[in-house]
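Everything below concerns the one structure shown next.
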Amino acid sequence: MATGRFLSFLFRSVIIVAILLLSFSIVSVLVSTMPQIEKDTSDRALPAVVVMEAALASVERQTIGFGTADPLQHADVPARVASTVEALPATSRIGRAVRKGDLIVALDPTDYQQQVIRAEQSLASSKADQAILAVEQEAANKRAALASQDQVLAEAELARIEEAFARGAAKQREVDAAKQRTIGITSAAINANEIAGRLPAREEQAFSTIASREAELTLAKEDLRRCNILSPIDGVLQEIDVRVGEHVQSGQRIARVVNSDLLEIPLRLPSHARSHISIGDEVSLRSAGFGKRFWEARITRIAPEDDTQTRTMIVYVDIDQDSDSQNLVPPGLFVRGQVTHSQAAQNRWVVPRRSIREDRVLVVRDATLRSIPVSIDFSITGEISQFGLPDQDWAVLETPLNSGDLVVVDPGGTLRDGMQVRVILADEVALQ
208 MATGRFLSFL
218 FRSVIIVAIL
228 LLSFSIVSVL
238 VSTMPQIEKD
248 TSDRALPAVV
258 VMEAALASVE
268 RQTIGFGTAD
278 PLQHADVPAR
288 VASTVEALPA
298 TSRIGRAVRK
308 GDLIVALDPT
318 DYQQQVIRAE
328 QSLASSKADQ
338 AILAVEQEAA
348 NKRAALASQD
358 QVLAEAELAR
368 IEEAFARGAA
378 KQREVDAAKQ
388 RTIGITSAAI
398 NANEIAGRLP
408 AREEQAFSTI
418 ASREAELTLA
428 KEDLRRCNIL
438 SPIDGVLQEI
448 DVRVGEHVQS
458 GQRIARVVNS
468 DLLEIPLRLP
478 SHARSHISIG
488 DEVSLRSAGF
498 GKRFWEARIT
508 RIAPEDDTQT
518 RTMIVYVDID
528 QDSDSQNLVP
538 PGLFVRGQVT
548 HSQAAQNRWV
558 VPRRSIREDR
568 VLVVRDATLR
578 SIPVSIDFSI
588 TGEISQFGLP
598 DQDWAVLETP
608 LNSGDLVVVD
618 PGGTLRDGMQ
628 VRVILADEVA
638 LQ
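Each residue of the sequence shown is one higher than the one before, starting from 208 at the first, in this note's numbering.
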């Protein structure tokens with residue numbers, strides 16, 4: 208029994224040792240037959256970078272600004288009287304063209320018709336009062352003249368009686384009676400003259416009343432006319448704010464009319480561009496959103512002050528366009544404007560915008576990357592064919608480069624100052 212267990216243990220041990228020896232043999236064979244990797248010490252082992260050769264380029268200074276197209280002729284049409292909307296003509300629909308004087312909304316005129324009638328009656332009554340006053344004036348003047356004549360006669364009679372009394376031909380009671388009559392007649396003459404003197408003032412008052420009544424009638428007729436709300440300009444209806452049966456107050460907006468034939472676009476530019484901007488500079492406009500459209504215009508006005516909060520200046524671009532044109536600038540469109548300055552083109556150092564990282568560019572000198580700090584003077588857009596790149600955005604540098612420097616077009620995050628690299632010219636990439 209013990210011999211059997213020993214033989215079993217011995218057999219298992221031999222098998223294990225044999226398996227181990229076979230494993231070591233296989234590993235040795237695999238290691239000895241492993242292919243050796245050849246180390247490439249040529250330039251192709253270095254990371255490749257696309258470069259462009261630095262050179263002066265003839266460029267025109269450009270400034271980018273943004274603004275919103277605003278129609279020079281637009282009107283928020285208000286109600287001038289308080290009333291109820293009686294009718295909306297068939298032409299009063301958003302998007303319909305209207306002419307100056309066309310009816311937009313009709314208000315209920317009943318109250319204002321009655322006001323016109325009342326004003327006409329008041330004016331007629333005032334004119335009748337004036338006619339009566341004219342008759343009274345004529346009669347008062349005649350009474351005053353008669354009273355004056357009566358006073359003269361009474362004074363003459365008193366003088367004769369006093370003279371007779373002095374000669375002893377008249378008695379004292381006759382003198383007293385003559386004086387009493389003279390006093391009465393004089394008092395009546397004074398009253399008549401007073402009444403006649405007051406009538407011219409009453410006549411002026413009557414004229415003033417008539418003028419007031421005429422003004423009231425004019426206002427009443429004007430209010431009646433204002434019940435028909437008309438378009439003040441030629442244009443297109445942008446909004447209609449009321450419906451039939453709705454009550455409106457005086458001053459409430461009824462509609463908005465926009466004339467898009469003449470627009471102004473206030474472009475906001477950086478304040479530092481003021482020294483380079485002048486009236487007449489070309490402006491290339493494009494819509495700032497999807498479906499870009501392009502227009503050409505010129506600067507017509509320049510605002511004298513800078514905005515201290517945004518550090519911007521405003522230039523105005525006026526656009527005179529045909530409302531039937533297919534390439535119409537719609538009012539309210541947010542646009543991007545590129546101002547090309549009228550100064551002559553200059554030779555400047557230009558690099559693609561994407562080649563600048565943290566105000567530095569990478570150049571290759573002796574197959575080694577060098578990081579150079581740069582300062583941007585201004586940016587331009589468009590293709591520059593001499594560099595053989597498809598880029599549209601370029602930076603014009605204040606910092607000079609060395610002619611022949613190889614500028615890395617698109618420095619990635621793995622490139623570091625001092626790295627050995629293999630250069631590929633942008634022209635070669637474009638040809639592939």
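Ideal Cβ placement from N, Cα and C applies to all residues, glycine included.
Note that the structure is predicted; figures quoted are calculated from it, not measured.
Quick check: R388 and A361, are their CB atoms within less than 8 Å of each other?
Counted from its first residue, the sequence shown places residue 388 at position 181. Counted from its first residue, the sequence shown places residue 361 at position 154. A contact, by the Cβ cut-off of 8 Å.
Nearest neighbour of A262, chosen from G458, Q627, P607, D624 [CA to CA]:
For the purposes of this step, residue 262 is identified with residue 55 of the sequence shown, where counting begins at 1. Among G458, Q627, P607, D624, the Cα nearest to that of A262 belongs to P607.
What's the C-alpha gap between S419 and V536?
Within the sequence shown, residue 419 is the residue found at index 212, counting from 1. Within the sequence shown, residue 536 is the residue found at index 329, counting from 1. Their backbone Cα atoms lie some 51 Å apart in a straight line.
Excluding the 5 residues flanking V255 on each side, which residues of the same chain have their C-beta closer than 8 Å to its C-beta?
In the sequence shown, counting from the first residue as 1, residue 255 sits at position 48. Before going on, a small fix: residue 255 reads as Ala here, not Val. Here the set comprises V628, R629, V630, I631.
Taking 7 Å as the cut-off, is the CB of K378 close to at least one heavy atom of the ligand HEM?
The ligand HEM is absent from the structure shown, which contains no ligands of any kind.
Beta-carbon within less than 6 Å of F541's beta-carbon, same chain only, minus the 5 sequence neighbours each way: which residues are those?
As a first step, residue 541 must be located in the sequence shown, where it is residue number 334. Cβ neighbours of F541 beyond the five flanking positions: T275, A495.
Alpha carbon to alpha carbon, how far is P278 from V581? Give it in angstroms, no decimals.
Residue mapping note: residue 581 aligns to position 374 of the sequence shown, counting from 1. Residue mapping note: residue 278 aligns to position 71 of the sequence shown, counting from 1. For V581 and P278, the distance between alpha carbons rounds to 43 Å.
Secondary structure at S457, three-state DSSP: helix, strand or coil?
As a working note, residue 457 is residue 250 in the sequence shown. Coil at S457, not helix or strand.
Just to confirm, are V557 and V568 a CB contact at a threshold of 8 Å?
Against the sequence shown, residue 557 aligns to sequence position 350. Against the sequence shown, residue 568 aligns to sequence position 361. Not in contact: V557 and V568 (Cβ atoms no closer than 8 Å).
Looking only at DSSP bridge pairs, what is E260 linked to?
For the purposes of this step, residue 260 is taken as the residue at position 53 of the sequence shown. Looking at the DSSP assignment, E260 forms a beta bridge with L613.
Taking the straight line between their C-alpha atoms, what separation do you get for V266 and W601?
The residue you call residue 266 lines up with position 59 of the sequence shown. The residue you call residue 601 lines up with position 394 of the sequence shown. So the alpha carbons of these two residues sit roughly 10 Å apart.
Which runs of the alpha helix (DSSP H) fall wholly inside the stretch 440-492 and span at least 4 residues, in chain order?
none
Name the residue from T240, R268, H281, E345 whose alpha carbon lies nearest to the alpha carbon of G539.
The count along the sequence shown starts at 1 and reaches residue 539 at position 332. Residue H281 is the option with its Cα nearest to G539.
Own chain, CB closer than 6 Å to R350, minus 5 neighbours either side, in chain order
Residue numbering aside, residue 350 sits at position 143 when the sequence shown is read from its first letter. The residues are A399.
Classify M259: buried if its beta carbon has 16 or more other beta carbons within 10 angstroms, exposed otherwise.
In the sequence shown, counting from the first residue as 1, residue 259 sits at position 52. Buried: at least 16 other Cβ atoms inside 10 Å.
Sequence ranges, beta strand (DSSP E) only - wholly within the stretch 577-633, length at least 3:
583-588, 600-604, 613-615, 629-632
Pick from N534, D383, H548: whose alpha carbon is nearest that of G487?
On the sequence shown, residue 487 is found 280 positions in, with the first residue counted as 1. With distances taken between Cα atoms, G487 lies closest to H548.
Just confirm the distance between the C-beta atoms of S485 and I271, as a whole number of angstroms; I'd bet it's less than 8 Å.
Stepping through the sequence shown from its first residue, residue 485 is reached at position 278. Stepping through the sequence shown from its first residue, residue 271 is reached at position 64. Going by Cβ atoms, the distance from S485 to I271 rounds to 17 Å, so no, they are not a contact pair.
Assuming S394 is part of the alpha helix (DSSP H), what are its boundary residues?
Here residue 394 refers to the residue found at position 187 of the sequence shown. Counting along the chain, the alpha helix (DSSP H) containing S394 begins and ends at 379-432.
DSSP puts D525 in a beta bridge; with which residues?
The residue you call residue 525 lines up with position 318 of the sequence shown. Paired residues: E471.
Could you check whether the stretch 502-520 touches the stretch 295-305, counting it as contact only if at least three pairs of C-beta atoms, one from each stretch, sit closer than 8 Å?
no
Quick check on D318: does DSSP put it in helix, strand or coil?
By 1-based counting over the sequence shown, the position of residue 318 is 111. Helix, per DSSP.
Can you tell me which of the three DSSP states E565 falls into?
Locating residue 565 in the sequence shown gives position 358, counting from the first residue. Of the three classes helix, strand and coil, the one that applies to E565 here is coil, per DSSP.
Given S215, which residues of its chain have a CB within under 6 Å of its CB, disregarding the five upstream and five downstream residues?
Position 8 of the sequence shown, counted from the start, is the residue given in the question as residue 215. For S215, where only same-chain residues beyond five positions count, there are no Cβ hits under 6 Å.
Simplified DSSP assignment, three categories, for S265
For the purposes of this step, residue 265 is taken as residue 58 along the sequence shown, with counting starting at 1. Strand at S265.
Extract the residue ranges of the beta strand (DSSP E) inside the stretch 298-353, only unbroken runs of 3 or more that lie entirely within it.
310-314
Among A341, V524, V342, L353, nearest to I472 - alpha-carbon criterion:
For the purposes of this step, residue 472 is identified with residue 265 of the sequence shown, where counting begins at 1. With distances taken between Cα atoms, I472 lies closest to V524.
T515 - containing beta strand (DSSP E), residue span:
Taking the sequence shown and counting its residues from 1, the one referred to as residue 515 is at position 308. Per DSSP, T515 belongs to no beta strand (DSSP E) and is neither H nor E.
Beta-carbon proximity list for G625, same chain, < 7 Å, skipping 5 on both sides:
On the sequence shown, residue 625 is found 418 positions in, with the first residue counted as 1. Cβ within range, chain order: T575, L576.
Can you look up L217 in the DSSP assignment and give me helix, strand or coil?
Position 10 of the sequence shown holds residue 217. L217: helix per DSSP, three-state reduction.
A408: which of E423, Q344, A384, I390 sits nearest, CA to CA?
Residue mapping note: residue 408 aligns to position 201 of the sequence shown, counting from 1. Looking at the Cα atoms, Q344 is the closest of the given residues.
Three or more beta-carbon pairs under 8 Å between the stretch 450-458 and the stretch 316-334, yes or no?
no
CB of Q528 within 8 Å of CB of D468, strictly
The residue given as residue 528 occupies position 321 in the sequence shown. The residue given as residue 468 occupies position 261 in the sequence shown. Yes, the Cβ-Cβ distance between Q528 and D468 is below 8 Å.
Would you mind working out which of D357, S562, D566 sits nearest T393, comparing C-alpha positions?
Taking the sequence shown and counting its residues from 1, one reaches residue 393 at position 186. Of D357, S562, D566, the residue nearest in Cα terms is D357.
Please state whether the Cβ-Cβ distance between S438 and R287 is less than 8 Å.
The count along the sequence shown starts at 1 and reaches residue 438 at position 231. The count along the sequence shown starts at 1 and reaches residue 287 at position 80. No, the pair does not count as a contact, with Cβ atoms beyond the cut-off.
Can you check which of these residues, H454, I509, S333, D513, is closest to A478 by C-alpha distance?
Numbered from its first residue, the sequence shown carries residue 478 at position 271. For the sequence presented, residue 478 should be read as Ser rather than Ala. The residue with the shortest Cα to Cα distance from S478 is D513.
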